[in-house]
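K.L.:
First, the structure itself, so that you have it in front of you.
Numbering (our numbering), first residue to last: 41 to 443.
Here it is as structure tokens:
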């Protein structure tokens, strides 16, 4: 059966519009499944330091000798939680980034200092204000009107978005160190604080209870319970919301435990979102619901159940993105305490809709009404998306209209 209908433009609750705008012209390996093709593509780079995106380490790995035969290069895992750098790039980055260069191979250090690393990656590429305009134009062509910036790099970005007229089409979150570096005025423009509590599946650092099949190791928590408690208490003191990155079920459980303690101590918790929340048990979901936590999730990450079959057991593949449990059994409501975004992997309506309506497992499925409730603007004021849903082929076609 084929269904045609219209939905409002998307409100992407989790992405990084500034970083993706700056890196928009980098070499991207997301559609490259062969290492020799990847190496050939990287060798074509002619920047002083070439930033490479989209490397999927479930498909191929790079040996150090192969890296040293390339031009100056920083290769980013598709998760943006793992990085490779060769000697030529290290020499060009020089003494100004010694701490990061010294620890870039230490996965726990990387997860604890990821904002610093991503800021460095973005700073490698020079940027111009028109890149922001081009990026938002590209988002609009993909059906996205609003895109939250989950990791503000510096105060200049706020000024840039205001000057370009995109300040009302985003919301800024910053890590605590960046927040304290801002002026009072800029701090008022920041909605909340972003905290990483684990890593990602792509880097095998998401904190799952089960060990990864590829390494036999479990992904580590970034902080102890006491450390996380102290950081969230700092957020309470500055009266901001908090967005806690947690992909693994161990990380999600830690968040719920620490926030429960804070509520017992203080009577309330700050406005809280768990970002990604790909693996969460029914028990922890019920606790999160009772605490008033909002889950900020990505329908396109349901495909991780297929993409990372090399490292996830069959049981864990089925536990990823348990939307039906969260909605049907716990009572999360899309648009109220369950919101959706892309993390830029990828942006746009078509991929998000296909993964929402036709995911790898039935437990990951969303209805169209649920998708619209959690992912779309309230109305069609800024335009709309004409969609064609082919249920037999499990495909969705989208056309942006009225923009």
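Don't be surprised by glycine CBs; every beta carbon is placed ideally from N, CA and C. No experiment lies behind these values; they were computed from the predicted model shown.
#1: Pair every Cβ in the segment 108-120 with every Cβ in the segment 128-139, then say whether three or more of these pairs are closer than 8 Å.
#2: Taking just the CA atoms, how far does residue 104 sit from residue 316?
#3: Counting pairs of Cβ atoms below 8 Å between the segment 140-158 and the segment 177-186, do you hit three or more?
#4: I'd like the span of the beta strand (DSSP E) that includes residue 231, first residue to last.
#5: Quick check: the Cα distance between residue 358 and residue 288, rounded to an integer number of angstroms?
#6: Can you list, in chain order, the residues of its chain whose CB lies under 6 Å from that of residue 345, leaving out five sequence neighbours each side?
#7: If contact is defined by three or more beta carbon pairs under 8 Å, each pair taking one atom from either stretch, is the segment 410-427 in contact with the segment 373-393?
#8: Which term fits residue 41, buried or exposed, when burial requires 16 or more other beta carbons within 10 angstroms of its beta carbon?
#9: From the DSSP output, in three-state form, read off residue 387 for me.
#10: Going by beta carbon distance, what residues of the same chain come within less than 6 Å of residue 398, once the five residues before and after it are set aside?
#11: In terms of residue numbering, what span does the alpha helix (DSSP H) encompassing residue 435 cover?
#12: For the beta strand (DSSP E) that residue 326 lies in, which residues bound it at each end?
#13: Count Cβ pairs between the segment 182-197 and the segment 236-254 that sit closer than 8 Å; are there 3 or more?
#14: Which residue wins for smallest C-alpha separation from residue 443, given the options 232, 432, 421 and 244?
#15: Do you know how far the Cα of residue 328 is from the Cα of residue 217?
#16: Using a Cβ-Cβ cut-off of 6 Å (strictly less than) and excluding sequence neighbours within five positions of residue 28, which residues of its own chain qualify?
#17: Measure from the alpha carbon of residue 334 to the alpha carbon of each residue in 98, 309 and 379, then state which is nearest.
#18: Just to confirm before moving on: does the CB-CB distance between residue 243 and residue 117 stay below 8 Å?
#19: Work out the CA separation of residue 127 and residue 311 for me, nearest whole Å.
#20: Using 8 Å as the threshold, is the C-beta distance between residue 167 and residue 62 below it?
#21: Roughly how many whole angstroms lie between the Cα atoms of residue 283 and residue 156?
#22: Anyone know if the C-beta pair for residue 152 and residue 262 falls short of 8 Å?
#23: On a Cα-Cα basis, can you pick out the residue from 419, 203 and 52 that is closest to residue 184?
#24: Please identify the residue among 201, 304, 300 and 320 whose C-alpha is closest to the C-alpha of residue 291.
#25: Run through DSSP, which three-state label would residue 417 get?
#26: So what does residue 55 bridge to, in DSSP terms?
P.N.:
Quick look at the numbers:
#1: In this structure the segment 108-120 lies against the segment 128-139, because at least three pairs of beta carbons, one per stretch, are closer than 8 Å.
#2: Position 276 of the chain shown holds residue 316. Position 64 of the chain shown holds residue 104. Roughly 32 Å between the two C-alpha positions.
#3: Segments in contact, no.
#4: Numbered from 1 along the chain shown, position 191 holds the residue referred to as residue 231. Looking at the DSSP string, the run of the beta strand (DSSP E) that includes residue 231 is 230-236.
#5: As a first step, residue 358 is located in the chain shown; it is residue number 318 there, counting from the start. As a first step, residue 288 is located in the chain shown; it is residue number 248 there, counting from the start. Whole-angstrom Cα-Cα distance: 13 Å.
#6: Along the chain shown, read from residue 1 onward, the residue named residue 345 stands at position 305. The residues are 357, 360 and 400.
#7: Three or more Cβ pairs drawn from the segment 373-393 and the segment 410-427 lie within less than 8 Å of each other, which places the two stretches in contact.
#8: Locating residue 41 in the chain shown gives position 1, counting from the first residue. The residue is exposed, with fewer than 16 neighbouring Cβ atoms inside 10 Å.
#9: Mapped onto the chain shown, residue 387 falls at position 347. Residue 387 falls in the coil class under three-state DSSP.
#10: Taking the first residue of the chain shown as 1, we reach residue 398 at position 358. Same-chain partners within the cutoff: 434.
#11: Here the question's residue 435 lines up with position 395 in the chain shown. It is not in any alpha helix (DSSP H) - residue 435 instead sits in the beta strand (DSSP E) that spans 435-441.
#12: Position 286 of the chain shown, counted from the start, is the residue given in the question as residue 326. Premise fails: residue 326 lies in the alpha helix (DSSP H), 322-331, not in any beta strand (DSSP E).
#13: Short answer: they don't touch.
#14: Locating residue 443 in the chain shown gives position 403, where the first residue counts as 1. The shortest Cα separation from residue 443 among 232, 432, 421 and 244 belongs to 421.
#15: The residue given as residue 217 occupies position 177 in the chain shown. The residue given as residue 328 occupies position 288 in the chain shown. Rounded to the nearest angstrom, the gap between the Cα atoms of residue 217 and residue 328 is 27 Å.
#16: Residue 28 falls outside the range modelled here, since the chain spans only 41 to 443, and no answer is possible.
#17: One-based indexing of the chain shown puts residue 334 at position 294. Comparing alpha-carbon positions, the option among 98, 309 and 379 lying closest to residue 334 turns out to be 379.
#18: Position 203 of the chain shown, counted from the start, is the residue given in the question as residue 243. Position 77 of the chain shown, counted from the start, is the residue given in the question as residue 117. Annotated as proximal: residue 243 and residue 117, with beta-carbon spacing under 8 Å.
#19: The residue labelled residue 311 in the question sits at position 271 within the chain shown. The residue labelled residue 127 in the question sits at position 87 within the chain shown. Approximately 44 Å between the Cα atoms of the pair.
#20: Position 127 of the chain shown, counted from the start, is the residue given in the question as residue 167. Position 22 of the chain shown, counted from the start, is the residue given in the question as residue 62. Closer than 8 Å, so yes.
#21: Here the question's residue 283 lines up with position 243 in the chain shown. Here the question's residue 156 lines up with position 116 in the chain shown. Here the C-alpha atom of residue 283 lies approximately 17 Å from the C-alpha atom of residue 156.
#22: Within the chain shown, residue 152 is the residue found at index 112, counting from 1. Within the chain shown, residue 262 is the residue found at index 222, counting from 1. For the 8 Å CB-CB criterion, residue 152 and residue 262 form a contact.
#23: Looking up residue 184 in the chain shown gives position 144. Of the candidates 419, 203 and 52, the one whose C-alpha sits nearest the C-alpha of residue 184 is 52.
#24: On the chain shown, position 251 is the one that residue 291 refers to. Nearest C-alpha to residue 291 among 201, 304, 300 and 320: 320.
#25: On the chain shown, residue 417 is found 377 positions in, with the first residue counted as 1. In the three-state reduction of the DSSP assignment, residue 417 falls in the coil class, being assigned neither a helical nor a strand state.
#26: Counted from its first residue, the chain shown places residue 55 at position 15. Partner(s): 189.
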